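For reference, the structure is listed below as structure tokens.
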Amino acid sequence: MNREALETWRGRVRGSLLGGAIGDALGAPVEFESGRKILKKHPQLLRTFVTGDAGWPPGTVTDDTQMTLFTIEGLIRAGVRSDRGLGLTLAPVHHAYDRWLDTQQRSAPSGERDGWLQAEQWLYARRAPGNTCLGALRGARQGGPRITQYGVQAVNSSKGCGGVMRVAPFGLMPAKFSTEWVFDAAAEAAGYTHGHPTGKLASGALAAIIHQICGGAELDAALDTAAELLTRHEGHEETSTALAAARRGPVRLEELGGGWVAEEALAIGVYAALVYPGPEQVLDALALAVTHSGDSDSTGAICGNILGALHREAALPAELACAVEGRAVILQLADDFVEEFSRTEPHPGFAARYPSS
Numbered sequence: 000m001n002r003e004a005l006e007t008w009r010g011r012v013r014g015s016l017l018g019g020a021i022g023d024a025l026g027a028p029v030e031f032e033s034g035r036k037i038l039k040k041h042p043q044l045l046r047t048f049v050t051g052d053a054g055w056p057p058g059t060v061t062d063d064t065q066m067t068l069f070t071i072e073g074l075i076r077a078g079v080r081s082d083r084g085l086g087l088t089l090a091p092v093h094h095a096y097d098r099w100l101d102t103q104q105r106s107a108p109s110g111e112r113d114g115w116l117q118a119e120q121w122l123y124a125r126r127a128p129g130n131t132c133l134g135a136l137r138g139a140r141q142g143g144p145r146i147t148q149y150g151v152q153a154v155n156s157s158k159g160c161g162g163v164m165r166v167a168p169f170g171l172m173p174a175k176f177s178t179e180w181v182f183d184a185a186a187e188a189a190g191y192t193h194g195h196p197t198g199k200l201a202s203g204a205l206a207a208i209i210h211q212i213c214g215g216a217e218l219d220a221a222l223d224t225a226a227e228l229l230t231r232h233e234g235h236e237e238t239s240t241a242l243a244a245a246r247r248g249p250v251r252l253e254e255l256g257g258g259w260v261a262e263e264a265l266a267i268g269v270y271a272a273l274v275y276p277g278p279e280q281v282l283d284a285l286a287l288a289v290t291h292s293g294d295s296d297s298t299g300a301i302c303g304n305i306l307g308a309l310h311r312e313a314a315l316p317a318e319l320a321c322a323v324e325g326r327a328v329i330l331q332l333a334d335d336f337v338e339e340f341s342r343t344e345p346h347p348g349f350a351a352r353y354p355s356s
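Numbering-wise (numbering that gives the first Met the number 0), the sequence shown opens with residue 0 and increments by one.
The following block contains the structure:
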């Protein structure tokens, strides 16, 4: 990969992660409000960070961003493991989600923390974590945190958006990984907590969209590829129908659903990106994505993941990009991800920073 291509990819990785966090933090304070109430309070749509009913400070992220960061950390660890000749598997991603579970069950890092990300105190805040994610990860432990069954799919019928809202990092994988692999890997990772086919396939579709964008595709072409990949999988109909509805437009956002379930969250995030596709329109798209009676933080995050990858970090609204919680950690993980997957030789310090056991 030449230097120009590397820096373009780095901008997409940083843009997608940071854009997702911005959308998450923008929508979090209004997540449980009606679209009508949001518009009454913000007639020009919500374009700046505010404090919500939960009392979280402006710019605060939720479990959506927390789990996304553990996803990318898990992928880095998978890469480090692969450097040792062990092959790239997804078990380190499941292991990462298990570490996120620790942050939701403790008030601070313990002496047994595993890696630098788990030592970040700000990640120990409980920001309305999804019950499905918590329950599935607790269930996978099978009696204790030291005997977790990594890589095992959840046995439930949930298609909540807790899978799709965290899998954008799969789409950021370099071009040597096929979009088909990215789709299937993201679907598998979503399946660690969400057992319904739609929860998995909507996640695969989002990752495929972002991967195509990172390869240089325009948004419409990326959506075409994701739509075609969906048809190869049994049970794709709900996700395919939702994406088709988002692409037909214009529609009232509420017609696409509330975003509480995976296909609706994906459709709303995609629709907002299609309405405002330009690099100078990112804030317009994010503002639209969170203005509805539903899961505003997740739909904002998905929209930000897509447009951040499409237009790169420089296109993000500067005042929000500077103020979002965890910015330094987000960008460190983005740069480490690019470093891990662009080097021809293992990074000498990553084995300690990202233990692969």
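Glycine residues also receive a C-beta, built at the ideal position from the N, C-alpha and C atoms.
Just so you know, these numbers come straight off a predicted model, no measurement behind them.
As computed with DSSP, Gly159 is found in a beta bridge with Val260. Using a Cβ distance threshold of 8 Å, Leu330 and Leu68 do not count as a contacting pair.
The C-beta separation of Ala27 from Thr59 comes to about 6 Å, placing the pair in contact by the 8 Å criterion. In this structure the region 24–41 does not touch the region 307–315; the number of beta carbon pairs closer than 8 Å is below three. Taken in chain order, the whole alpha helix (DSSP H) runs of length 4 or more contained in the region 305–336 are 317–322. By the Cβ rule, the region 1–9 does not count as touching the region 257–270, because fewer than three pairs are nearer than 8 Å.
Taking the Cα of Gly134 as reference, the smallest distance to any Cα among Gly159, Trp121, Ala124, Gly203 is reached at Gly159. Look at Asn1 here: in three-state DSSP terms it is coil, with no helix or strand label. For Gly203, the secondary structure class from DSSP, reduced to helix, strand or coil, is helix.
Secondary structure at Thr178: helix, using DSSP grouped into helix, strand and coil. Take Phe48, set aside five residues on each side of it, and the residues of its chain with a beta-carbon closer than 7 Å to its own are Ala24, Leu25, Pro57, Gly58, Leu319, Ala322, in chain order. DSSP places Trp115 outside both helix and strand once states are collapsed to three, so it counts as coil.
Unbroken alpha helix (DSSP H) stretches of 4 residues or longer found wholly inside the region 12–92: 34–40, 62–82, given in chain order.
For Asp223, the uninterrupted alpha helix (DSSP H) segment begins and ends at 218–229. By the C-beta density criterion, Leu85 is exposed, having fewer than 16 other C-beta atoms within 10 angstroms. Within the same chain, and ignoring the five residues on either side of Met164 in sequence, the residues whose Cβ sits closer than 7 Å to its Cβ are Asp63, Ala264, Ser297, Ala300, Ile301.
For Ala243, the three-state secondary structure derived from DSSP is helix. The three-state secondary structure of Ser341, taken from DSSP, is helix.
In this structure Ala185 touches Ala206 by the C-beta definition: roughly 3 Å separates them, less than 8 Å. For Asp283, the enclosing alpha helix (DSSP H) starts and ends at 281–288. The count of Cβ pairs closer than 8 Å, one atom from the region 65–82 and one from the region 94–107, reaches three, so the stretches are in contact. The beta carbons of Ser156 and Gly194 sit closer together than 8 Å. Membership of Pro168 in the alpha helix (DSSP H) is indicated by the continuous run 167–170.
Within the same chain, Cβ atoms closer than 6 Å to the Cβ of Lys199 are found at Ala186, Ala189, Gly190, the five residues on either side in sequence being excluded.
Exposure of Ala118 is indicated by the presence of fewer than 16 other C-beta atoms within 10 angstroms of its C-beta.
Taking Gly161 as reference, the option from Asn130, Leu171, Gln152 with the minimal CA-CA separation is Asn130. Counting along the chain, no alpha helix (DSSP H) covers Leu252, and no H or E run does either.
In the DSSP assignment, Arg352 falls within the unbroken alpha helix (DSSP H) covering 349–352.
Shown here for Glu254: same chain residues with a beta carbon closer than 8 Å to its own, the five before and five after excluded, namely Ala244 in chain order. Bounds of the alpha helix (DSSP H) holding Ala135 are 130–139. At least 8 Å separates the beta-carbon of Pro91 from that of Gly114. Under the criterion of beta carbons closer than 8 Å, Ala241 and Glu262 qualify as touching, at roughly 4 Å.
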